[in-house]
């Protein structure tokens, strides 16, 4: 899916994305936002489960004009910074307690 198509689709609240975990299991996530930081883009998701209580942030890596992949981030400091950007953007709209 082209990035523009993905972003257009994601403008709709409640957009679901199915990803594969390390064990090959499909996991469904709800799209929350795309965060930009230092010239890179990161997708912010939450597992589509009523018990989910933490967001997942993955780096967006373009493969070509129509394909991209999402990779995990091992840098805790970067994850904290990205989450802070996300929280600031939605301050007052989402309860981060």
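Numbering (this note's numbering), first residue to last: 444 to 540. We put the CB at the ideal spot given by N, CA and C, even for glycine.
Setting aside the 5 residues that flank it on each side, residue 514 is surrounded in the same chain by 501, 502 and 504, each with a C-beta closer than 8 angstroms to its C-beta; the list follows chain order. Annotation: residue 518 is outside any alpha helix (DSSP H) and is labelled neither H nor E by DSSP.
In this structure, the CA atom of residue 459 is about 10 angstroms from the CA atom of residue 489. DSSP places residue 463 in the uninterrupted beta strand (DSSP E) bounded by 459-463. Burial check for residue 480: the Cβ neighbour count within 10 Å stays below 16, so the residue is exposed.
Following the DSSP letters along the chain, one finds residue 504 inside the beta strand (DSSP E) bounded by residues 498-505. Residue pairing from DSSP places residue 472 in a beta bridge opposite 460 and 490.
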